[in-house]
Amino acid sequence: MTAPPAKPHHAGHRERLRERALAAGPASLPDYELLELFLFRSIPMRDVKPLAKALIARFGDLGGVLAAPIADLTTVAGVGEQVALDLKLMHEASVRIGRASMTKRPAISSASALQSYVRTVLAGEPREQFRVLFLDNKNQLILDEVMGQGTVDHAPVYPREVARRALELSAAAVILVHNHPSGDPTPSRADIEMTKQVVEAGKALRIAVHDHLVVGRDSVASLKSLGLF
Numbered sequence: 033m034t035a036p037p038a039k040p041h042h043a044g045h046r047e048r049l050r051e052r053a054l055a056a057g058p059a060s061l062p063d064y065e066l067l068e069l070f071l072f073r074s075i076p077m078r079d080v081k082p083l084a085k086a087l088i089a090r091f092g093d094l095g096g097v098l099a100a101p102i103a104d105l106t107t108v109a110g111v112g113e114q115v116a117l118d119l120k121l122m123h124e125a126s127v128r129i130g131r132a133s134m135t136k137r138p139a140i141s142s143a144s145a146l147q148s149y150v151r152t153v154l155a156g157e158p159r160e161q162f163r164v165l166f167l168d169n170k171n172q173l174i175l176d177e178v179m180g181q182g183t184v185d186h187a188p189v190y191p192r193e194v195a196r197r198a199l200e201l202s203a204a205a206v207i208l209v210h211n212h213p214s215g216d217p218t219p220s221r222a223d224i225e226m227t228k229q230v231v232e233a234g235k236a237l238r239i240a241v242h243d244h245l246v247v248g249r250d251s252v253a254s255l256k257s258l259g260l261f
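Residue numbers (the numbering used here): 33 to 261.
Shown next, in the form of structure tokens:
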């Protein structure tokens, strides 16, 4: 009588990991195991622990994995376009959840919630990106829009374009946001000068600049809190 084929070793690992997640909650898992659980659905027939660890080694942390462009994700062995798309969908869901909470209360009412949102959006971006949060007269979010994308250390910003877009949206105020892919959120001299230019461009139109946030790998710098404008 022929013996039944042995189950692959990762089958038992998957069940044990699911049981631990159910018993202690997903928050108890390290990043690579949380990523593993997600990859189970994208790659049902293979051991994905090495892949989860390879992704985090390549992009730094879970946020970096989810924020990475599809083209960069597919450079990791074992990640095809479908798996990369699944990871991007997870990131987009996180961004939308954060954005929804921002539209239900004044954006400046909770510094921690605001910083959590911008970190979700930008902390893992491999290139510098300049975004503007346009706010209404109750400081609630109208739109979060990318207004400049660039290289690893520069994104073009045009203060008059920020002011013009604020007028189009009937915004009363803005919060400027950009990331430093180097990981260090310390504002540069160019960041400070650009902020002052946007402040000046908005003054004549009665559009306030509430803050300029610089997003690093692990933290966010506020130019307002630092007294830099």
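Glycine included, C-beta positions come from ideal geometry on N, C-alpha and C.
Keep in mind that this is a model prediction, so the values were computed, not measured.
DSSP places Arg-46 in the helix class (H, G or I) of the three-state scheme. With a cut-off of 8 Å on Cβ pairs, the segment 201-215 is in contact with the segment 167-179, counting three or more such pairs. Between Val-246 and Asp-223 a beta carbon distance of about 6 Å is seen, short of the 8 Å cut, so the two are scored as contacting.
With fewer than 16 other CB atoms across the displayed protein chains lying within 10 angstroms of its CB, Asp-250 is exposed. If the five residues before and after Ile-174 are omitted, its C-beta is found closer than 7 Å to the C-beta atoms of Phe-166, Leu-167, Asp-168, Leu-201, Ala-203, all from its own chain and listed in chain order. Around the beta carbon of Gly-95, 16 or more other beta carbons sit within 10 angstroms, so the residue counts as buried. A Cβ-Cβ distance of about 16 Å is found for the pair Ala-125 and Ile-102, leaving them out of contact under the 8 Å criterion. Contact between Leu-255 and Pro-219 holds: CB atoms are separated by about 6 Å, below the 8 Å threshold. By alpha-carbon distance to Gly-110, the top candidate from Arg-78, Gln-161, Asn-171, Glu-225 is Arg-78. Residue state for Ile-224 is assigned as helix, using DSSP reduced to three classes.
With a contact defined as Cβ atoms closer than 8 Å, Val-97 and Leu-119 qualify at about 6 Å.
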